[in-house]
């Protein structure tokens, strides 16, 4: 490997975290895509090279990584080309930041190859353009943790204001992905444009509690705050068995349970990996009864976002 | 003084803190009421004794301190009486927690005299009954910081869930109280019962940013987060000169500016006492032009809530 190419690992992410709709997200450990980027002088702009793992569009303007890379190049002085190979492991449409990983991996890798001309906040901005292609709206709650690692707060999208929140050491996640299709753009359409003030107050009280719980490592407070009284009551109707899964997760000791991103994946947060494994067993048992195929992962919270991928 | 009587200092408080409508509050230093409570066997229940400073109802059931004390006694085993003397320094209706100070002082003092049978959370619950008398709604964002000190978060009112948030060391407040009447119950009536979802998201993003800023002592983030896009645009219309005051405070270096509680007091937060003094000068200059009488205070954030009052 030389300075003209780089291999990166781009983590899957859980966005929203229940009450933190559109503002909170966290990076998962061990689940993610690998990408290889190579600079070249033989053309200008972006080319999508080899794609493995899943089918993805090869036209850069229709590819999330391509669009994010194009946005970065447009703001840079670089006039050459870049080839992006993608080994896609996170299924598009799963609700654990598949498009965000592609976008974040592309801009992080390209920024490294160009000598780090851009700040992380700027990279988040470029990656959001890739996100917009995938979901129809430029949101940052997946790309921010994918780039920053840990737990990220998107205080504001316009102007972009993103900060890291302290990650309690023992925090673990269990993510179940029902193999059904649920488009982010559809999941957004069913939301109401007006909400009752008293539910808004309840939601921002929970956001305050969740962030306080993260900083003080108060797992009880984190659990009490993991409530979404606005979006989840509507969106959960699109996820078969949601209430049974929640019941099973909480019974098994989860701090809280909710929809990952805009679904269909669901997630539980736990204190420690042992309880996460117990939650995993309980969710498997519950969902096997329903006869819907699914994938399930247990993961710590990744302290780093996109990073160099060590190759064998 | 013996174990049958106690003198307490009950601090003024700023509730809401802009984006933290109904969920955040902080305790001020040096501004507050003093109260003297004395147990007696000569009668049962609560008697309001000497009232100085302001006129207050002497009937316990119509007096905020009386109602809070009655609520505590009803939950206790104590069958005797208590006399409460009040030296009222915080003007009722000022918006800096006048009724909360009375209620918090009464229950804190009474709890101490009875040998601390109740937790702070229980005391907040009793004090909220006093608050309900004053404002028509049992809210906790003044009584919580009045009892806990520092910055308090009310995650939920039912069930009551209150935690302390870290207070950045240099945080100061400047509070201006225009001498106009504005009832809490009226200030609540003009609020809309429905809010746009996108403004809700902006508000809870700001709550997340504000609490993160408090924990990380990131004053820039605190400043950017001190925005209320829901309540302030409506309520500020009831406060003459609000926009001019905000402009003056921010020009003088305030981190943020908003309505204290339900008004009419307004507050600015600053980094350090020097800037707080500069903000004070700027607000005085602005408000003197309007010809409305006012009071103004600069204060640190009190690390403790209601406490023993040292008598001369």
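Protein chains in written order, with our numbering: chain A, 1112 to 1423; chain B, 1112 to 1423. Using N, Cα and C, we set each Cβ at its ideal position, and we do this for glycine too.
Query: Within-9 Å CB hit, residue 1414/A to chain B; Result: no
Query: Straight-line Cα distance separating residue 1303/A from residue 1304/B; Result: 15 Å
Query: Same chain only: Cβ atoms within 7 Å of residue 1187/B, ignoring 5 sequence neighbours per side; Result: 1225 and 1228
Query: Integer Cβ distance of residue 1416/B from residue 1258/B, believed to fall under 8 Å; Result: 5 Å
Query: Near-chain A residues of the stretch 1261-1281 of chain B - C-beta to any C-beta below 8 Å; Result: 1264, 1265, 1266, 1267, 1272, 1274, 1276 and 1277
Query: Completely contained beta strand (DSSP E) runs for the stretch 1167-1238 of chain B, where each covers 3 or more residues; Result: 1192-1198
Query: Beta-carbon neighbours of residue 1219/A, restricted to chain B and to distances below 7 Å; Result: The premise fails here: residue 1219/A is roughly 23 Å from chain B at the closest Cβ pair, so nothing lies under 7 Å.
Query: Sequence-distant residues of the same chain with beta carbon closer than 6 Å to residue 1363/A, five excluded per side; Result: 1389, 1390 and 1393
Query: Closer than 9 Å at the beta carbon, the chain B residues around residue 1104/A; Result: The requested residue 1104/A does not occur in the structure, where chain A is confined to residues 1112 to 1423.
Query: Against chain B: residues of the stretch 1299-1312 of chain A by CB proximity under 9 Å; Result: 1302, 1303, 1304, 1305, 1306, 1307, 1308, 1309, 1310, 1311 and 1312
Query: Within chain A, the residues that residue 1150/B reaches when beta carbons sit closer than 9 Å; Result: Under the 9 Å cutoff, chain A gives no residues; its nearest Cβ is about 36 Å from residue 1150/B.
Query: Buried or exposed (CB count within 10 angstroms, at least 16 for buried), residue 1133/B; Result: buried
Query: Cα-Cα separation between residue 1221/B and residue 1271/B, rounded to whole angstroms; Result: 21 Å
Query: Burial state of residue 1204/B (16 or more Cβ within 10 Å); Result: buried
Query: Buried versus exposed call for residue 1269/B [16 or more other C-beta atoms within 10 Å across all chains shown]; Result: exposed
Query: CB contact flag (residue 1206/B, residue 1351/B, <9 Å); Result: no
Query: Reference residue 1216/A; option with closest CA among 1149/A, 1163/A, 1176/A and 1191/A; Result: 1176/A
Query: The stretch 1277-1289 of chain B in contact with the stretch 1396-1407 of chain B per 3-pair CB rule at 8 Å; Result: yes
Query: Cβ-based burial, residue 1114/A [other Cβ within 10 Å; buried from 16]; Result: exposed
Query: Where residue 1410/A falls: helix, strand or coil (DSSP); Result: strand
Query: Near the ligand COA: residue 1166/A beta-carbon under 8 Å from a heavy atom; Result: This structure does not include the ligand COA; it has no bound ligands of any sort.
Query: Range covered by the alpha helix (DSSP H) that runs through residue 1318/A; Result: 1308-1327
Query: Interface partners of residue 1336/A on chain B, CB under 8 Å; Result: 1266
Query: Endpoints, the beta strand (DSSP E) within which residue 1144/A is located; Result: 1135-1151
Query: Boundaries of the alpha helix (DSSP H) in which residue 1259/B is found, first to last residue; Result: 1254-1259
Query: Pairwise C-alpha distance: residue 1336/A and residue 1191/B; Result: 41 Å
Query: Enclosing alpha helix (DSSP H) for residue 1353/A [first to last residue]; Result: 1353-1362
Query: Member of 1311/B, 1332/B and 1413/B whose CA lies at the smallest distance from the CA of residue 1321/B; Result: 1332/B
Query: Nearest-angstrom beta carbon gap, residue 1197/A and residue 1162/A [assumed within contact, 8 Å]; Result: 5 Å
Query: Neighbourhood of residue 1112/A by C-beta distance below 6 Å, restricted to the same chain and skipping five residues each side; Result: Confidence at residue 1112/A is low in this model, with a pLDDT of 43, below 50, so its placement is unreliable and the value that follows should be read with caution. So the list is empty, once near-sequence residues are dropped.
Query: Residue-chain proximity (residue 1323/A, chain B), Cβ-Cβ < 9 Å; Result: yes
Query: Under 8 Å from the C-beta of residue 1134/B: neighbouring residues of chain A; Result: 1312, 1315, 1316 and 1319
Query: Segment limits, beta strand (DSSP E) that includes residue 1156/A; Result: 1156-1163
Query: Under the three-state DSSP convention, the category residue 1390/A falls into; Result: helix
Query: Cα-Cα separation between residue 1294/A and residue 1138/B, rounded to whole angstroms; Result: 47 Å
Query: Interface flag, residue 1112/A vs chain B, CB-CB below 9 Å; Result: Residue placement at residue 1112/A is flagged as unreliable, the pLDDT there being 43, under the threshold of 50; the coordinate-derived value follows with that caveat. No, residue 1112/A lies away from the interface with chain B (no Cβ there is under 9 Å from its Cβ).
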